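Student: Have a look at this one before I ask anything.
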Amino acid sequence: MADRFGRNFCLLQGPHGPIFSQLGQFLEQAGARAWRASFNGGDAFFWGNKARFIAHTESLETWPAALRKIIAEKSITDIVLYGDTRPVHAEAIKLAKALDLRVHVFEEGYLRPYWVNYERGGANGNSRLMGMTVAQMQKVLRKARIDLTEAPTHWGDIRQHAFYSFVYHLNILLHNQAFPSL
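Everything in the sequence shown is counted per the numbering used here, starting at 147 for the first residue and increasing by one.
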């Protein structure tokens, strides 16, 4: 079933903590549908909308077929993930490109610590920037009107990262029985 804007997002693994759950809520508020494919107890713990939760409990080898089924059944138009080289993400990107779906990649900030980067299609070595010269980048930046703000004082605080990492891994330790193969 398509949402009123025709956009259905499948969020895969995100940063430790509630960020992808919050992103899913924002997407829903904007009129899209947001599903979460989960691979462990930590992923499951931080996803608030259990009605749009999909646990992948089989082996990594079954993931491409499982994702193809999710895409078909949920009419997925967009794949969202954090880091494009994790095995489950690499397989998802390959399938998404074959099906002409949008891929949204979040990654640790390149140049600004404590920030998360967003790129469509890939990050780091898979970034579209890799195909541009410095002169081309400079030309694009001259045209861009970017309002850069200071990082909030608590964003990126090591204590916050440590807390969410602890909670994430504790849930893997306590609730990973449903995810025996990953």
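We treat Cβ as the ideally placed atom computed from N, Cα and C, and that holds for glycine.
All of these numbers come straight from a predicted model, not from anything done at the bench.
#1: Do the CB positions of Ala183 and Ala324 come within less than 8 angstroms of each other?
#2: Quick one: give me the first and last residue of the alpha helix (DSSP H) that Leu241 is part of.
#3: Using only the alpha-carbon positions, how far apart do Thr279 and Val286 sit?
#4: Please list the terminal residues of the continuous beta strand (DSSP E) segment that includes Arg214.
#5: Output the boundary residues of the beta strand (DSSP E) element that contains Glu253.
#6: Report the option in Asp246, His162 and Thr223 whose CA atom is closest to the CA atom of Gly229.
#7: Classify Glu204 as helix, strand or coil using the three-state DSSP reduction.
#8: Pick from Asn195, Gly177 and Phe191: whose alpha carbon is nearest that of Leu319?
#9: Alpha carbon to alpha carbon, what distance is there between Arg179 and Leu241?
#10: Apart from the five residues just before and just after Arg248, which ones in its own chain have a Cβ nearer than 8 angstroms to its Cβ?
#11: Could you spell out where the alpha helix (DSSP H) holding Asp189 opens and where it closes?
#12: Sorted by chain position, which residues of the same chain lie with C-beta nearer than 8 angstroms to Ala218's C-beta, five sequence neighbours on each side aside?
Tutor: Checking against the coordinates, here is how it stands:
#1: No.
#2: Start and end: Pro233 to Ala244.
#3: 11 angstroms
#4: Not the beta strand (DSSP E): Arg214 falls in the alpha helix (DSSP H), residues Trp209 to Lys220.
#5: Arg248 to Glu254
#6: Nearest C-alpha to Gly229 among Asp246, His162 and Thr223: His162.
#7: It is coil, neither helix nor strand.
#8: Phe191
#9: The alpha-carbon of Leu241 is positioned some 20 angstroms away from that of Arg179.
#10: Thr223, Asp224, Ile225, Ala242 and Arg266
#11: Counted as a single uninterrupted DSSP element, the alpha helix (DSSP H) harbouring Asp189 occupies residues Gly187 to Phe191.
#12: none
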